[in-house]
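Written below as structure tokens is the structure these notes are about.
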Amino acid sequence: MASVGLVGLGVMGRNLALNLSRRGYKVVVYNRTKEVTDRFISGYGGSGLTPAYSPDEVARKLDAPRIILLMVTAGKAVDDVIRSISPYLSSGDVLSDLGNSHFRDTQRREFSLDPSGIHYCGVGVSGGEEGALRGPSIMVGGPSKAWEILKKPMSDISARAFDGTPCASWVGEDGAGHYVKMVHNAIEYVVMELIGECYGVFKALDFSNGEISDIFQLWNEGRSKSYLLEISAKVLRRKDELSGGDLVDKILDSAEQKGTGKWAAESCLELGVPAFSFAVAALDRSMSSFKLVREKASSLEPNRVNKPNLGRREAQEALGTAFSGAQLCAYAQGFSLLEAARNEYGWHTDLAEVARIWQGGCIIRADLLKQIREALLSGAHDSILLDPDIHREIVKCDKAWRNVVSRALEARIPLPGFTSTLAYRDSLFTERLPANLIQALRDYFGAHTYRRVDREGVFHTDWSGG
Ligand SMILES: NC(=O)c1ccc[n+]([C@@H]2O[C@H](COP(=O)([O-])OP(=O)(O)OC[C@H]3O[C@@H](n4cnc5c(N)ncnc54)[C@H](OP(=O)(O)O)[C@@H]3O)[C@@H](O)[C@H]2O)c1
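Using this note's numbering, the first residue of the sequence shown is number 129, and each one after it goes up by one.
Structural data, given as structure tokens:
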């Protein structure tokens, strides 16, 4: 008998199955297409994996309570698999979706399985193909009873945080696991946007790809150390096997997206959370895919981009500082969205615990998560930017951040990531925003009323008289 069932032997499923079997788990594996299962089993020499060729065979080969992990394409496939396997499961079994499902789908699925007693979990997994094999970050959502059953296997296969603890944890009820993964991806979008913008400024200053790679490598040895900086340095060094030049120069500047960034931006609008940069990072990918329009438009203004008025050394230092401040603002927006979501949906999400399990295995792992966790442990739930140490850090970045952004904007280099993070920082620290005038205008044309700073109540003015 096996202790874990794994359904879906695509890129992620295969590696998770191997990871589990390497840690001594007996795994029964099943894939919709029989040949995929056979190919996987024949290519694998170990003894921990057993094939199954139907959902009921998966159920029959598992010890109780059963643990079944689904790693199939998000959307209809998850509903199809649940429908096919749930009749063979019993009360107390744990059925978990480890794909990138929308948290509302997860809530719906948990609700519909609840009467059967089957524990349904939505689990965020980050780390890509490599992480699935060697140790991902695992964000488990669902009934806390299910976590008691999932805790050991999920902890065993996960990465390790800075203190050596497993990067796997329960992050809240029903859709919380997939929500936390969605926010993880939104932060990933912003950090990638910022790294891309740094690359753009360096290119405008005629730095070579190799030089930019060296700079990213250097930043990665300091305060901004992160997985995304590390791989950016590697990507910029990769040669193209077809042309011999740098591969990055041959890649079309049209970025794609699968949905989690858009979902996070939608959730910000729904919950009224001002995480500007999440929308900007997703929409700037859309701008990049407006390639044909951009080609036409740029032909109307040839040579419009100038060299920023920055020395090479100055640019390197100022951008490094700006990146560090902007990156903190990206994470701040993520934790602020998580705080709003846990209040809205009644989840018992421990934000400091999220900062801990993102320290290893996942795409946004970064040294700054140590400081963020400490800030959250000291109660900086309104915003991590209000934590005294983080605030001091942000203030230190200010001068260089503004200088490099204004020099680059003067040179007409688009910087939606840097400007949106800076706007977030400035708006958050501004006590009185000009929204009073917006309220007056709304009242003028729509009688929408307004509140006053000097007395309680709701007011309306007959503006025609003024
Ligand atoms: N790739 C990553 O880096 C990564 C990272 C984190 C999370 N994820 C998420 O993990 C999930 C799996 O990703 P992946 O990269 O492993 O995908 P993948 O390689 O495309 O594999 C998809 C799997 O889903 C199965 N499937 C598709 N439709 C099905 C259906 N209607 N019924 C039953 N099985 C069905 C496929 O079976 P067949 O072989 O029969 O087609 C295949 O085993 C996705 O939700 C993805 O977003 C991916």
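Glycine included, each C-beta is placed from N, C-alpha and C at the ideal position.
Contact test: residue i Cβ vs ligand 1 heavy atom, cutoff 7 Å
i    : result
T201 : yes
D208 : yes
E257 : yes
T234 : no
S137 : Residue identity differs from the one stated: residue 137 is Leu in this sequence, not Ser. Yes; taking the cut-off as 7 Å, the Cβ of L137 has a heavy atom of ligand 1 nearer than that.
S254 : yes
G141 : yes
A205 : yes
G227 : yes
V164 : yes
R237 : no
R160 : yes
Residue i versus residue j: straight-line alpha-carbon distance, rounded
i    : j    : result
S427 : K419 : 12 Å
D495 : W347 : 12 Å
G227 : G252 : 7 Å
L322 : F587 : 43 Å
G270 : G245 : 13 Å
V401 : C457 : 14 Å
S336 : V408 : 27 Å
E358 : Q235 : 36 Å
W275 : V268 : 7 Å
R540 : T558 : 27 Å
F463 : W298 : 16 Å
G593 : L561 : 27 Å
M320 : R580 : 42 Å
R553 : L399 : 19 Å
S224 : S414 : 32 Å
G350 : D207 : 45 Å
C490 : S254 : 5 Å
E384 : A563 : 35 Å
S149 : M310 : 28 Å
R470 : Y172 : 42 Å
E369 : V376 : 12 Å
Cβ distance (whole Å) where residue i is taken to contact residue j below 8 Å
i    : j    : result
E538 : N437 : 7 Å
G259 : A287 : 7 Å
G77  : V200 : Residue coverage of the chain in this structure runs from 129 to 594, which leaves residue 77 outside it and unanswerable.
I118 : Y459 : The structure shown has nothing for residue 118, since the chain only spans 129 to 594.
S416 : S382 : 5 Å
F451 : A551 : Actually they do not touch by this definition, with Cβ atoms about 16 Å apart.
I492 : I315 : 5 Å
G174 : C249 : The Cβ separation is near 27 Å, so there is no contact.
F344 : S360 : 5 Å
V329 : A536 : 5 Å
Chain D within 8 Å of residue i, Cβ atoms only
i    : result
N434 : As a matter of chain content, chain D is missing from the structure shown, which is built from one protein chain.
Check: residue i C-beta below 7 Å from any heavy atom of ligand 3
i    : result
R211 : Although ligand 3 was asked about, the structure shown includes only ligand 1 as ligands.
The region 272 to 284 in contact with the region 191 to 198 per 3-pair CB rule at 8 Å
yes
Quick test of the definition: if touching needs 3 or more C-beta pairs under 8 Å, does the region 292 to 312 touch the region 156 to 172?
no
Quick check: the region 546 to 563 against the region 473 to 489, are there 3 or more CB pairs under 8 Å?
no
Contact the region 481 to 492 vs the region 571 to 585: 3+ CB pairs below 8 Å
no
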